[in-house]
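In the working numbering, the protein residues as written are 254 to 1100.
For glycine and all other residues, C-beta sits at the position ideal for the given N, C-alpha and C.
Heads up: the structure comes next, in structure tokens.
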RNA sequence: GCCCGGGUGGUGGAAUGGCAGACACAAGGGACUUAAAAUCCCUUGGGGAGAAAUCCCCGUGCGGGUUCGACCCCCGCCCCGGGCACCA
């Protein structure tokens, strides 16, 4: 709807001679006029930027590459049908501000954008409508690109990447071959998560525990365990390095902690218990081998392979019943909510290797088959779970560790000192652990062991819209394709439905799957994460047709520890960010990249809640559509508002009132250079003068420049904008506004509201584009006030103020306070015992 | 239960040992206008005294502590958000 200016409405009223009441009624339904002509300004500058290619990053060797480089990256989006939401834009705005700032600081900035475009939604859409995912994806990408470009982001569009492009897929498959050659890709028959609703298997990382049981991360569908033959990537081979190298990274501590938890390293020992009256041995894994003397029984998981063979005839019925019941239980029943532990003795005894004692063997489902050896030694006195179990079944509890001071609690799980432990007596926990392991190792009864919770990455999916594996099968032997056979592209299909038997949709491509020599293609495709595992490397050299990236480009852009700033949501903590680190390390070992980590510095933007303080959701109807906001208020205002809302990393609610405030701020900037006439035309403001700024204005400029610069370095955009507001308020208050001052403002504003900044810059007759202008500087002495107001406290209570020369030293200040005319009133005539002076801040008199 | 964040006006937030509440939103008042919108200016943490300039008291989740001085550091608790959770 076109916006009508007030003046037109006014004349309309006069000319048409409408009655006042009619006029009012019409008026209320009319949109208010735009506070400044952003709809005209914004497209103009977007075109200018595109035409001058001013955001193009210089490749090493090209002119411009001699500047210091900086790589500023966003987590590229999956182009969904719903389009971008304001949450995406928050992170993208933040990185764009930094990219623009760095460019103005004279750096060669790599700031690219692309599309993580393989994925299930397009495929499901295809199942419903028959539209090929390629078509849907292309449409969605166009829409995303349009939305992103409407925001005026300074991406180097010549580097745009689409993970579904065969030119890109080729290299994703190429990297897979590298993993394959290094024996990091293998096929295994294992119990895996299968999601019937999605018709595919999922990686551990893609399954979330919920109150309704395990669910898929995408779509929240129930998932179940199924033994299936699948491709796995050996991420566990890198567990230790993935853990250790977290220390190299400037990432949020919470996120590093999540990765540490996921990797789940524990150090302990495997201890072997011999079965009494048999040659069988049962290894258990424990992190507390020092408590071995306190072991009073042993527990096997119900799925433990030896349960059946070790069960005595008298216990057979009870054990079989228990195992059957356990397997029928959901994971939920077996874990969280099941406070009560259950189990059955199997009628066998094992020998404790340290003291030869015979202890009973139980089966209980509080022991997990999937972790360790599926068997534990139970030390009820020093483990809470064992304690609960022993209490429930009246099993003996034997204390062998005491705290260094105080009495021994019933169940003491911390480090302490051993007693009643034979050769371990008197040893503190760390020493006792080492001693018992040495003792066991010497006798072949156990060994030191490090374990990780991290499992290998299930890498195949029964989907169509993904990268085909560059692998063929000859019988049950797999073989890699040759490099020159890449890319292996997807066959055209009309029917994308997976079959109930779990056969992937590619199985329907009869001519594609069968090779002339009788070999068969792999029918699974790669998960969506494959493309995002290395896109940041492709951005370094996106048009290379002979290599995924050239060594020179990688070395140049990834110097200094990889991507310099990576911004995205925290939901990728153990998915994308772990997988990408893993691939990067493999590439590092292959000498294809120059640093062991891909993302040196990572920042998570906080989510933006709806105006009602709830998570934005279509079903609640509190989603803010950026297209509408831009239409109504302009992209600059949206950028400014998203940054002004609060600290980047914090969760914060949307506010349409606050949004209007940002528009008002930008309109004030606009009105520094333009004034509206009676008839609604914008004309150059007569307040603009070709004069040197007054000292007050010089000071205001210096302050703003210092504050904005400092805040940009720290990504504190909200306070930077507030400093700009202070400057604008100052300039608005001036009757004569020096052009140079407003020009400096336009440059400070350029990273935040680039369109308006360009317009103001141009209207002031400044040369070139504000976007690539040199960042303003300031003289230090302009920050210094001649005199400063000092707060005077007596016994830490504020009593008064005094104005002092700002260069006054401590002694001088003290002297001046002591002779201040009001000193007696302030101190109440008491004798001053001590004076604390903080120059420029306070004076505190202690009486 | 464990591990990370966080708790400041009516609201979003600012201040990381030195004048709590920058900047903005909302609210109220004023100017301009026939009127409205827009714009500009003023007031605005709470309570109290005063005709007034002004002055006093309270105040950063709660309770202690360190310090001349604490939103900030330390100890103990409460609440909110996120993550992990029978991983031996």
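In this structure, how does DSSP classify residue i when only helix, strand and coil are distinguished?
i, result
"residue 443", "strand"
"residue 491", "helix"
"residue 496", "helix"
"residue 1043", "strand"
"residue 518", "coil"
"residue 987", "coil"
"residue 981", "helix"
"residue 768", "coil"
"residue 1073", "coil"
"residue 481", "strand"
"residue 1097", "strand"
"residue 571", "helix"
"residue 969", "coil"
"residue 1082", "coil"
"residue 320", "coil"
"residue 1087", "strand"
"residue 754", "coil"
"residue 726", "strand"
"residue 809", "helix"
"residue 503", "strand"
"residue 951", "helix"
"residue 1033", "helix"
Is residue i buried or exposed, if buried means 16 or more other CB atoms sit within 10 Å of its CB?
i, result
"residue 555", "buried"
"residue 735", "exposed"
"residue 660", "exposed"
"residue 1112", "The requested residue 1112 is not part of the displayed model; the chain covers only 254 to 1100."
"residue 212", "Residue 212 falls outside the range modelled here, since the chain spans only 254 to 1100, and no answer is possible."
"residue 1072", "exposed"
"residue 752", "exposed"
"residue 904", "exposed"
"residue 663", "exposed"
"residue 341", "buried"
"residue 853", "buried"
"residue 1112", "Past the edges of the chain, shown from 254 to 1100, lies residue 1112, and the structure says nothing about it."
"residue 754", "exposed"
"residue 383", "exposed"
"residue 355", "buried"
"residue 367", "buried"
So residue i and residue j are supposed to be a Cβ contact under 8 Å. How far apart are they, rounded?
i, j, result
"residue 828", "residue 856", "In fact, because the Cβ distance is near 17 Å, the residues do not count as touching under 8 Å."
"residue 431", "residue 843", "6 Å"
"residue 881", "residue 909", "In fact, because the Cβ distance is near 11 Å, the residues do not count as touching under 8 Å."
"residue 946", "residue 994", "5 Å"
"residue 836", "residue 428", "7 Å"
"residue 1047", "residue 1100", "7 Å"
Counting only runs that start and end within the region 821-864, where is the alpha helix (DSSP H) found for 4 or more residues in a row? 829-842
Between the region 546-554 and the region 608-618, do three or more beta carbon pairs fall short of 8 Å? yes
Could you name each continuous alpha helix (DSSP H) segment of 4 residues or more that falls completely within the region 520-558, going from the start of the chain to the end? none
Residue ranges of each beta strand (DSSP E) run of no fewer than 3 residues wholly in the region 666-723, ordered along the chain? 699-704
State whether the region 889-901 contacts the region 340-356, with contact taken as three or more CB pairs (one from each stretch) at a distance under 8 Å. yes
Of all the beta strand (DSSP E) runs that stay within the bounds of the region 614-666, which reach a length of 3 or more residues? 628-631
Which runs of the alpha helix (DSSP H) fall wholly inside the region 991-1017 and span at least 4 residues, in chain order? 992-1002 and 1007-1016
Suppose only complete runs of 3+ residues qualify. What are the beta strand (DSSP E) ranges in the region 411-464, listed by chain order? 438-448, 453-455 and 460-463
What residue ranges within the region 334-412 form continuous beta strand (DSSP E) runs of no fewer than 3 residues, ordered along the chain? 361-363
Within the chosen definition, does the region 1050-1070 reach the region 375-382 through at least 3 CB pairs nearer than 8 Å? no
Stretch-stretch touch, CB-based, cutoff 8 Å, three pairs: the region 668-675 with the region 417-426: no
Is the region 500-513 in contact with the region 697-708, if contact means three or more CB pairs nearer than 8 Å? no
Contact between the region 704-715 and the region 776-795: three or more CB pairs below 8 Å? yes
Segments assigned beta strand (DSSP E), at least 3 residues, entirely inside the region 875-943: 927-929 and 935-937
At a cut of 8 Å, does the region 680-696 reach the region 733-749 through at least three beta carbon pairs? no
Touch test, the region 999-1016 against the region 284-304, Cβ-Cβ under 8 Å, three pairs minimum: yes
Report yes or no: do three or more beta-carbon pairs, one from the region 438-449 and one from the region 393-408, lie closer than 8 Å? no
Quick check: the region 317-336 against the region 1027-1036, are at least 3 beta-carbon pairs closer than 8 Å? no
Check whether the region 739-748 touches the region 717-726, taking contact to mean three or more Cβ pairs, one atom from each stretch, closer than 8 Å. yes
Should the region 472-491 be called in touch with the region 784-796, which here means at least 3 C-beta pairs below 8 Å? no
Touching by the beta-carbon criterion (3+ pairs, under 8 Å), the region 324-338 and the region 872-886: yes
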